[in-house]
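Report on one structure; see the data block that follows.
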Amino acid sequence: MTSIIEAFRYGFLGQGTFTMLSLGITTIITIIILLIGIVIFNKVERTFIDTV
1 MTSIIEAFRY GFLGQGTFTM LSLGITTIIT IIILLIGIVI FNKVERTFID
51 TV
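Everything in the sequence shown is counted per my numbering, starting at 1 for the first residue and increasing by one.
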């Protein structure tokens, strides 16, 4: 989250520490978490309504 907030600060205020490396790492981690969430959801989708 820090790199995203710093990118907004740099874009709007012209201040902040913005590096493409930190933004790239954040993007990669976000994509990995999204893919893991999709896989887990697809596995429990059929029985999810019974649990809730």
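No residue lacks a Cβ here, since even glycine has one placed at the ideal position from N, Cα and C.
Can you tell me the Cα-Cα spacing of Phe8 and Ile38, whole angstroms?
-> 28 Å
Limits of the alpha helix (DSSP H) - the one that Thr2 falls within | Thr2 to Leu13
From Gln15 to Met1, what does the alpha carbon distance come to, in whole angstroms?
-> 17 Å
Top-ranked residue by Cα proximity to Ser22, from Glu6, Leu13, Val44 and Gly11 | Glu6
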